[in-house]
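**Q** After the structure tokens below, expect a handful of questions from me.
Numbering (the numbering used here), first residue to last: 9 to 656.
Quick look at the structure:
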């Protein structure tokens, strides 16, 4: 429970929050969790540096993951991922390029580069997109400095399986603007599972970013950022590995105060160049040298005005985005040189162009005792599909999303009830399957109920939902993979409790569950069948000690077995592989801070369990490395890491 542990210790061990050394960052007002119960806010210092972001997010109740190797894992919330859980960086949606989702969106995200992660639970927001299960927002914001300031932060990590990381950031500027630079190198050898078997999972990644801000006065601010990254990663679930994960992202943002109101303008561009092959990180079979190169370009703009009228705040905005996908490939070359030369001499073939135009409005009324929130969004999605680089056909859809929520506030208690509708068009991976262009929009109608109690030393939260999804999109992996619509029922939620006794003893627990049922006879599914790719009951607990300068935590994490599955049906990330067994693990985390220096230690899977998550991919046979096939990709066995950090 690494993120959860850090959240509990953040107030003491990580007192600097948004500061870098001596830099004084002007912070905007954020509502407390009691006033904003449908979101979870995580500052950058509460993200413990797992090399796999999906693994870290498991510490937040409701999150699950799909393991494929050492990198590229999928992250899901309430068993929804991809288009059901869109991922945004500084307000712009980002995707990977691989048609088989080797490179997911989080492959290209280093969380240390962002000041916070905001998690929206369910369809309770329309400012960013159609949030069927929710949304993940990685945000920097525009930094304002009060005076001449500078600072730097550097960290080093070493761990089992030759895991090594080096990252740092520096910032300097004054009240007129600033320059921020950050970067990192992350690498690891293959890890071993709980039985000591090697899992094909080595990786090397590097990333960097430059962020320049101009703040000439209190009313105006401009930010220009550039992100770069590349790397390679071995995959245990497929016949190829990733040898290039090049990302270039550029973002221009403008904030302009208009009296008590604020105008926000944004333009962005994401470029993903991804190469995979079967010979760079594993030996190829004779005369079977294969290489593939998908490419993705996303360009967009967004305009939003925030209107402040005493107790009422209203957002009105619009956006436009073009998402272009193309690829090229070479198969059965006689050697690596021929494979590469042949591939890079080819032109790219267009696969899809997805254009999305959107308008939205969202308002909130806040009084001392209660709040009312609501919004509506209209999208126009035009999908152009290409076959072998030639235009095939166009489809236009107009999804409508909206929500309404009531929140009641007491001194230490908040209650909320919301209804929401999130309608989305099929994503790139769904429309590329057989019958994909015939898919109807997916329409989620959801009720959310919850309570949050927090008196400082004791916090309790409950989030419950019931969801009826019309035209729910499922993939059929029997034969040629096809996609189709059905109707579905999902319900479940999360419960969490944390207590601090005598400002020293810490106890915490979390529980999450999702029930999914098919409601229609179609494509081999029967009314009443389980929905595929639904994660089972998850329980976690932590006991620990915490002081201003140090903390120690003992974690317990358990998954129930999953008896409800539909074999060979699934989503764009994978398919149900059958029954999955229960498992449990224990871990230990500790940290100590002295002046500007910190040391953190972690021991993971101390019981050395052989386990895998229900939604993990199958382990492919790699004959040239004498690696046999496995039912699922197993998680790392007992492992350790230590991290040193200094800020100036």
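Ideal placement from N, C-alpha and C gives every residue a C-beta, glycine not left out.
#1: At what residues does the alpha helix (DSSP H) containing residue 351 begin and finish?
#2: Could you give the distance in angstroms between the alpha-carbon of residue 187 and the alpha-carbon of residue 391?
#3: Let's test the definition: count the other Cβ atoms within 10 Å of the Cβ of residue 342 and tell me whether it reaches 16, buried, or not, exposed.
#4: Which two residues bound the contiguous beta strand (DSSP E) that contains residue 598?
#5: Between the segment 514–523 and the segment 537–555, are three or more C-beta pairs nearer than 8 Å?
#6: By the DSSP assignment, the beta strand (DSSP E) with residue 371 in it spans what residues?
#7: Do you know how far the Cα of residue 151 is from the Cα of residue 307?
#8: The beta strand (DSSP E) with residue 300 in it runs from where to where?
#9: Use the C-beta contact count for residue 487: other C-beta atoms within 10 angstroms, 16 or more gives buried, fewer gives exposed.
#10: If contacts are defined as beta-carbon pairs under 8 Å, then residue 576 and residue 531 qualify, I think. What distance do you get, rounded to the angstrom?
#11: Residues in the same chain with beta-carbon distance under 7 Å from residue 224, minus the five sequence neighbours each way, listed in chain order, please.
#12: Tell me whether residue 334 is buried or exposed, calling it buried when 16 or more other Cβ atoms sit within 10 Å of its Cβ.
#13: Taking the alpha-carbon positions, what's the residue 102 to residue 313 distance?
#14: What residues in its chain sit with their C-beta under 8 Å from that of residue 443, if we drop five residues either side in the sequence?
#15: Return the Cβ separation of residue 147 and residue 111 in integer angstroms, given the expectation that the two are a contact with Cβ distance under 8 Å.
#16: Starting from residue 65, trace the beta strand (DSSP E) both ways and give me its first and last residue.
#17: Restricting to Cα atoms, I'd like to know which of 409, 210, 256 and 346 is closest to residue 240.
#18: Which complete beta strand (DSSP E) runs does the segment 423–511 hold, if anything under 3 residues is left out?
#19: For my contact list, residue 525 and residue 539 are in at a C-beta cut-off of 8 Å; report their separation, rounded to the angstrom.
#20: What are the boundary residues of the beta strand (DSSP E) that residue 576 is part of?
#21: Taking residue 656 as the reference, which of 71, 180 and 89 has the closest Cα?
#22: Nearest to residue 565 by CA position, among 344, 571, 620 and 441, is which residue?
#23: Are the segment 261–275 and the segment 60–70 in contact at 8 Å, needing three or more beta carbon pairs?
#24: Hey, residue 385 and residue 140: beta-carbon distance below 8 Å or not?
#25: Shortest alpha-carbon distance to residue 472 belongs to which of 587, 480, 329 and 455?
#26: Where are the beta strand (DSSP E) runs, 3 residues long or more, that stay fully inside the segment 124–186, in chain order?
#27: Report the three-state DSSP secondary structure of residue 246 (helix, strand or coil).
#28: Spatial neighbours of residue 654 within its chain, please: CB distance less than 8 Å, with the 5 preceding and 5 following residues excluded, ordered by chain position.
#29: Starting from the C-beta of residue 347, find all residues in its chain whose C-beta is less than 6 Å away, skip the five residues before and the five after it, and write them out in chain order.
#30: Output the boundary residues of the beta strand (DSSP E) element that contains residue 411.
#31: Check the C-beta distance from residue 643 over to residue 201 and give it rounded, since I have them as a contact under 8 Å.
#32: With DSSP as the reference, please indicate the residues paired to residue 103 in a beta bridge.
#33: For residue 121, name the three-state secondary structure that DSSP assigns.
**A** In short, the structure shows the following:
#1: In the chain shown, residue 351 corresponds to position 343, counting from 1. Here the alpha helix (DSSP H) through residue 351 covers 344–352.
#2: Numbered from 1 along the chain shown, position 179 holds the residue referred to as residue 187. Numbered from 1 along the chain shown, position 383 holds the residue referred to as residue 391. So the alpha carbons of these two residues sit roughly 39 Å apart.
#3: The count along the chain shown starts at 1 and reaches residue 342 at position 334. With fewer than 16 Cβ atoms within 10 Å of its Cβ, residue 342 is classed as exposed.
#4: Counting from 1 along the chain shown, the entry for residue 598 is found at position 590. Its beta strand (DSSP E) spans residues 591–602.
#5: yes
#6: Stepping through the chain shown from its first residue, residue 371 is reached at position 363. Looking at the DSSP string, the run of the beta strand (DSSP E) that includes residue 371 is 357–374.
#7: If you number the chain shown from 1, residue 307 lands on position 299. If you number the chain shown from 1, residue 151 lands on position 143. If you take the alpha carbons of residue 307 and residue 151, they lie about 24 Å apart.
#8: In the chain shown, the residue the question calls residue 300 occupies position 292. Per DSSP, residue 300 belongs to the beta strand (DSSP E) from 297–317.
#9: As a working note, residue 487 is residue 479 in the chain shown. When all chains shown are included, residue 487 counts as exposed.
#10: Counting from one through the chain shown, the residue named residue 576 turns up at place 568. Counting from one through the chain shown, the residue named residue 531 turns up at place 523. So it is not a contact: roughly 11 Å between Cβ atoms.
#11: Position 216 of the chain shown, counted from the first residue, corresponds to residue 224. Hits under 7 Å: 184.
#12: The sequence position of residue 334 within the chain shown is 326, counting from 1. With 16 or more Cβ atoms within 10 Å of its Cβ, residue 334 is classed as buried.
#13: Translated into positions along the chain shown, residue 102 becomes position 94. Translated into positions along the chain shown, residue 313 becomes position 305. Roughly 23 Å separates the two Cα atoms.
#14: Numbered from 1 along the chain shown, position 435 holds the residue referred to as residue 443. Contacts found: 490, 491 and 492.
#15: For this step, residue 147 is matched to residue 139 along the chain shown. For this step, residue 111 is matched to residue 103 along the chain shown. Not confirmed; about 22 Å, so no contact.
#16: Within the chain shown, residue 65 is the residue found at index 57, counting from 1. Counting along the chain, residue 65 falls outside any beta strand (DSSP E), though it belongs to the alpha helix (DSSP H) covering 61–65.
#17: By one-based count along the chain shown, residue 240 stands at place 232. Cα-wise, what sits closest to residue 240 is 210.
#18: 450–462, 466–484 and 490–509
#19: Stepping through the chain shown from its first residue, residue 525 is reached at position 517. Stepping through the chain shown from its first residue, residue 539 is reached at position 531. Between residue 539 and residue 525 the Cβ distance is about 6 Å, and since that is below 8 Å, they are a contact.
#20: Here residue 576 is taken as the residue at index 568 of the chain shown, counted from 1. It is not in any beta strand (DSSP E) - residue 576 carries neither H nor E in the DSSP assignment.
#21: The residue you call residue 656 lines up with position 648 of the chain shown. Ranking the options by Cα distance to residue 656, first place goes to 180.
#22: As a first step, residue 565 must be located in the chain shown, where it is residue number 557. It is 620 whose Cα lies nearest to the Cα of residue 565.
#23: no
#24: Taking the first residue of the chain shown as 1, we reach residue 385 at position 377. Taking the first residue of the chain shown as 1, we reach residue 140 at position 132. No, the pair does not count as a contact, with Cβ atoms beyond the cut-off.
#25: For the purposes of this step, residue 472 is taken as the residue at position 464 of the chain shown. Checked all of 587, 480, 329 and 455; the closest Cα to residue 472 is 455.
#26: 124–129, 142–147, 157–167 and 171–182
#27: As a working mapping, residue 246 is identified with position 238 in the chain shown. If DSSP states are grouped into helix, strand and coil, residue 246 belongs with coil.
#28: Within the chain shown, the letter at position 646 stands for residue 654. Only 161, 162, 163, 604, 605 and 606 meet the Cβ criterion.
#29: Numbered from its first residue, the chain shown carries residue 347 at position 339. Answer for residue 347: 297, 299, 338 and 341, listed in chain order.
#30: If you number the chain shown from 1, residue 411 lands on position 403. 408–417 is the extent of the beta strand (DSSP E) around residue 411.
#31: Within the chain shown, numbered from 1, the residue matching residue 643 stands at position 635. Within the chain shown, numbered from 1, the residue matching residue 201 stands at position 193. 7 Å between Cβ atoms; contact.
#32: As a first step, residue 103 is located in the chain shown; it is residue number 95 there, counting from the start. Paired residue(s): none; residue 103 is not in a bridge.
#33: On the chain shown, residue 121 is found 113 positions in, with the first residue counted as 1. Here residue 121 sits in helix by DSSP.
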